[in-house]
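**Q** Here the sequence shown stands for residues 0 to 204, where the numbers follow numbering that gives the first Met the number 0. For every residue, glycine included, the Cβ atom is placed at its ideal position computed from N, Cα and C.
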Amino acid sequence: MSKFKNDDQQDKKPGADGEQGDGEPVAAAAPVQVNEDGSITIAESGLSAAAPEVTNWVGLGLKPDSRYSSLMVSKFINCLMYQGKKATAEALFYDSMEQIANKLKSDPLPVFEQALQNAKPLVEVRSKRIGGANYQVPVEVNKKRQQTIAIRWILEAVRTRKGRPTAEKLAQELIDCYNKTGTTIQKRENTHRMAEANKAFAHFA
0 MSKFKNDDQQ DKKPGADGEQ GDGEPVAAAA PVQVNEDGSI TIAESGLSAA
50 APEVTNWVGL GLKPDSRYSS LMVSKFINCL MYQGKKATAE ALFYDSMEQI
100 ANKLKSDPLP VFEQALQNAK PLVEVRSKRI GGANYQVPVE VNKKRQQTIA
150 IRWILEAVRT RKGRPTAEKL AQELIDCYNK TGTTIQKREN THRMAEANKA
200 FAHFA
């Protein structure tokens with residue numbers, strides 16, 4: 000389980016973005032092109048796929064949270080949790096949602112869901128060694144891994160924000176993601192650009 004804590008507590012950094020996490024399957028490599036509008040084109044099939052609709056892949060056995068009855072919120076809280084202190088993670092998350100509601104004067108749940116959706120990468124690069132050389136091979140990201148990466152990036156971005164309470168930093172990062180700005184969105188765009196730059200190696204499946 001991913002863990003999160005305040006700035007004054009240090010933990011191990013998550014794995015590199017290209018690494019497989021949480022025992023999740025990663026889609027097989029295929030020729031991929033990232034278009035300017037954020038969509039992707041699979042050269043092998045010639046099909047163009049727009050940014051996925053707002054759907055949230057969550058694990059089996061996860062129960063909805065108590066306030067929003069949302070499986071996605073429940074998973075996010077679990078990732079936010081540190082040292083098994085779920086009540087603390089819940090209080091922090093709900094505080095952030097209240098701040099979002101106050102700042103935007105709207106229901107914070109759709110803001111949270113869209114923020115997470117905007118942060119999901121459609122493609123990533125995987126290192127593959129061929130003939131004594133390492134190649135960065137673009138691959139599509141399956142829905143479960145999209146969600147895991149998005150949450151990780153958001154929490155990493157929150158951790159790098161300094162000088163404010165964690166709940167406030169989380170609220171602002173979610174608002175930034177909702178508006179398609181900020182550190183998390185920049186990381187997503189950089190990942191897509193890297194995939195585009197290495198599309199010549201996409202046939203190394």
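Strictly by DSSP, which residues pair up with N197?
**A** The partner list for N197 (beta bridge, DSSP) is empty, contrary to what the question assumes.
**Q** Please name the residue in L169, Q116 and G181 whose C-alpha comes closest to that of A149.
**A** Among L169, Q116 and G181, the Cα nearest to that of A149 belongs to Q116.
**Q** Apart from the five residues just before and just after K85, which ones in its own chain have a Cβ nearer than 8 angstroms to its Cβ?
**A** Result list for K85: I76 and N77, in chain order.
**Q** Mapping the DSSP letters down to three states, classify Y134 as helix, strand or coil.
**A** Residue state, collapsed to three classes: strand.
**Q** Where does A199 land, buried or exposed, given buried means 16+ other C-beta within 10 angstroms?
**A** A199 should be labelled exposed.
**Q** According to DSSP, is V122 helix, strand or coil?
**A** DSSP places V122 in strand when its eight states are reduced to three.
**Q** Can you tell me which of the three DSSP states K127 falls into?
**A** Residue state, collapsed to three classes: strand.
**Q** Taking Cβ positions, are A100 and P107 nearer each other than 8 angstroms?
**A** Result yes, Cβ atoms of A100 and P107 sit closer than 8 angstroms.
**Q** Please name the residue or residues paired with D139 in a DSSP beta bridge.
**A** Sequence check: residue 139 is Glu here, not Asp. Per DSSP, V122.
**Q** Buried or exposed: I129, going by 16 or more other Cβ atoms within 10 Å of its Cβ?
**A** Answer is exposed; the Cβ neighbour count stays below 16.
**Q** Buried or exposed for S95, going by 16 or more other Cβ atoms inside 10 Å?
**A** Classification of S95: buried, given that the 10 Å Cβ count is 16 or more.
**Q** Of all the alpha helix (DSSP H) runs that stay within the bounds of the segment 166 to 197, which reach a length of 4 or more residues?
**A** As far as the segment 166 to 197 is concerned, its whole alpha helix (DSSP H) runs of at least 4 residues are 181 to 196.
**Q** Determine the closest residue to H202 out of M80, W152, E123 and V138, with distance taken between C-alpha atoms.
**A** The residue with the shortest Cα to Cα distance from H202 is V138.
**Q** Could you tell me how far apart the beta carbons of L173 and F111 are, in whole angstroms, since I believe they sit closer than 8 angstroms?
**A** Yes, L173 and F111 are in contact; Cβ-Cβ is about 6 angstroms, under 8 angstroms.
**Q** Report all residues from its chain with a CB closer than 8 angstroms to the CB of V136; omit the five preceding and five following residues, and keep chain order.
**A** These residues qualify, in order along the chain: A28, V124, R125, S126, K127, N197, F200, A201, F203 and A204.
**Q** Tell me whether the beta-carbon of Q146 lies closer than 8 angstroms to the beta-carbon of P120.
**A** No, they are not a contact pair.
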